[in-house]
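Every letter in the sequence shown is one number past the one before it in this note's numbering, and letter 268, counting from 1, is 982. Just so it is clear, CB atoms sit at the ideal spot from N, CA and C, and this is done for glycine as well.
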Amino acid sequence: MPPSPPASRRWSTATTADRAVGLGVSTRTRGAYEPDLPTGADKTAKVRSMFDTIAPRYDLVNRVMTLGLDQGWRRTTVNALALAPGMVVLDLACGTGDLSTMANRRGYRTIGADLSWGMLAANRTGEPALQCDAANLALADRSIDGIVCGYALRNFTDLAGSLREAARVLRPGGRIAVLEVAAPPRGLMRNGHRIWFERVVPVLGALLSDADAYRYLPRSTAYLPSDVGLRRLFLDAGFSTVGRRLLHGGLSQLITATRAGLPEPPDTRAAR
Ligand SMILES: C[S@@+](CC[C@H](N)C(=O)[O-])C[C@H]1O[C@@H](n2cnc3c(N)ncnc32)[C@H](O)[C@@H]1O
């Protein structure tokens, strides 16, 4: 068995087996090879129009490119909330609503939110959904018990602001479970994954849906902060007990956290 990472790199509440496979995320050095990726308003516009375009065949391509494994990862994500049935769960960047469907099956009431009208139009869950940016949710403070978010972090233009919004709408003690792409940390699996994700997926996407969008998909991992940086963002946004697990040896990752108590008002802090 490979050695566990040093204690300084362990920020997860993951199992020993999860730790043993390491903590690497990206298949490439973030940002370094992707100087032309859009940022700011250009990124928001590109992401929205890309998802509008691919919405009709989004589910099909997902099943093909993950060989159906994504459904199990989604189930694990919903289970990680571990809330009581009847609680209200926000499916953040819900897209076509796969996570909402699983959350409904587990007895949660769901509400979706997504930037892309095309994705919301392809959402057949029948559950309420809002068209809005994750960084500006049209929801009241502390009105939500749990949040699930699938494969969307790297698409957010304002990731830190979106995590702060998630913390704002969650009640203290509420839970968040975020599913994201990852890469196996080492060995044959890492090489096989790289070939699949960077060479095969763009071809499958071009055949089944839209070539530009599925060329962009592997490149968009460059937006993901390092594992440590991502943990910092969750903590700074107001979450505690931040944990991370690699799924299927690192084909995806699951980040979980709990909404900490409300931050002190700034004047209380200044008075100390
Ligand atoms: C890869 S899809 C994932 C959809 C769904 N969560 C799933 O698991 O299949 C990413 C989704 O994030 C949405 N999205 C991207 N940027 C967003 C933003 N700033 N605010 C809200 N939704 C956003 C996209 O419209 C798209 O539906």
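In angstroms, rounded to a whole number, what distance separates the CA positions of residue 743 and residue 864?
In the sequence shown, residue 743 corresponds to position 29, counting from 1. In the sequence shown, residue 864 corresponds to position 150, counting from 1. Confidence is the limiting factor: at residue 743 the pLDDT is only 37, short of 50, which leaves the residue's position unreliable and the question unanswerable from this model.
Got a sec? Which residues, its chain only, sit under 6 Å from residue 747 by beta carbon, not counting five neighbours each side?
Here residue 747 is taken as the residue at index 33 of the sequence shown, counted from 1. Its pLDDT being 45, under 50, residue 747 is placed unreliably by the model, and the measurement read from it follows with that caveat. Cβ contact annotation for residue 747 (same chain, cutoff 6 Å, sequence separation greater than five): none.
Across the segment 855-875 and the segment 884-899, are there enough close Cβ pairs to call them in contact, namely three or more that are closer than 8 Å?
In short, these stretches touch, since the Cβ pair count reaches three.
Boundaries of the alpha helix (DSSP H) in which residue 805 is found, first to last residue
Numbered from 1 along the sequence shown, position 91 holds the residue referred to as residue 805. No alpha helix (DSSP H) holds residue 805; the beta strand (DSSP E) holding it covers 802-806.
Contact under 9 Å by Cβ, residue 830 with residue 762:
Within the sequence shown, numbered from 1, the residue matching residue 830 stands at position 116. Within the sequence shown, numbered from 1, the residue matching residue 762 stands at position 48. For the 9 Å CB-CB criterion, residue 830 and residue 762 form a contact.
By a C-beta neighbour count over all protein chains shown, 10 Å radius and 16 as the cutoff for buried, is residue 824 buried or exposed?
Locating residue 824 in the sequence shown gives position 110, where the first residue counts as 1. Residue 824 comes out buried.
Distance between beta carbons of residue 932 and residue 912, contact taken as under 8 Å
Reading the sequence shown from its first residue, position 198 is the one you call residue 912. Reading the sequence shown from its first residue, position 218 is the one you call residue 932. Contact holds; Cβ gap of about 5 Å.
What is the DSSP secondary structure of residue 953, counted as helix, strand or coil?
Against the sequence shown, residue 953 aligns to sequence position 239. The three-state secondary structure of residue 953, taken from DSSP, is strand.
Just checking my contact of residue 821 with residue 799 at CB under 8 Å: how many whole Å lie between their CB atoms?
To locate residue 821, count along the sequence shown from 1; it is residue 107. To locate residue 799, count along the sequence shown from 1; it is residue 85. Going by Cβ atoms, the distance from residue 821 to residue 799 rounds to 3 Å, so yes, they are a contact pair.
Below 6 Å CB to CB, which residues in the same chain sit around residue 892 once its five sequence neighbours on both sides are set aside?
Indexing the sequence shown from 1 puts residue 892 at position 178. Apart from sequence neighbours up to five positions away, the residues of its chain that approach residue 892 with a beta-carbon distance below 6 Å are 863 and 969, ordered along the chain.
When the Cα atoms are used, what is the spatial distance from residue 718 to residue 770?
Position 4 of the sequence shown, counted from the start, is the residue given in the question as residue 718. Position 56 of the sequence shown, counted from the start, is the residue given in the question as residue 770. Because residue 718 carries a pLDDT of 37, less than 50, the predicted location of this residue cannot be relied on, and the following value inherits that uncertainty. Taken atom to atom, the span from the alpha-carbon of residue 718 to that of residue 770 is near 43 Å.
Backbone CA spacing between residue 737 and residue 817 [nearest angstrom]
Here residue 737 refers to the residue found at position 23 when the sequence shown is read from its first residue. Here residue 817 refers to the residue found at position 103 when the sequence shown is read from its first residue. Only weak support is given to the placement of residue 737: the predicted model assigns it a pLDDT of 28, under 50, and the question is left unresolved by the model.
heavy atom of ligand 1 below 8 Å from residue 911 C-beta:
Here the question's residue 911 lines up with position 197 in the sequence shown. No.
Select from 840, 960, 752 and 788 the residue whose C-alpha is nearest the C-alpha of residue 941.
As a first step, residue 941 is located in the sequence shown; it is residue number 227 there, counting from the start. Of the residues 840, 960, 752 and 788, the one whose Cα lies closest to the Cα of residue 941 is 960.
Counting C-beta neighbours from all protein chains within 10 Å, is the total for residue 954 16 or more, i.e. buried, or is it exposed?
Numbered from 1 along the sequence shown, position 240 holds the residue referred to as residue 954. That one is exposed.
Cβ pair residue 929, residue 916 closer than 9 Å:
Here residue 929 is taken as the residue at index 215 of the sequence shown, counted from 1. Here residue 916 is taken as the residue at index 202 of the sequence shown, counted from 1. Yes, the Cβ-Cβ distance between residue 929 and residue 916 is below 9 Å.
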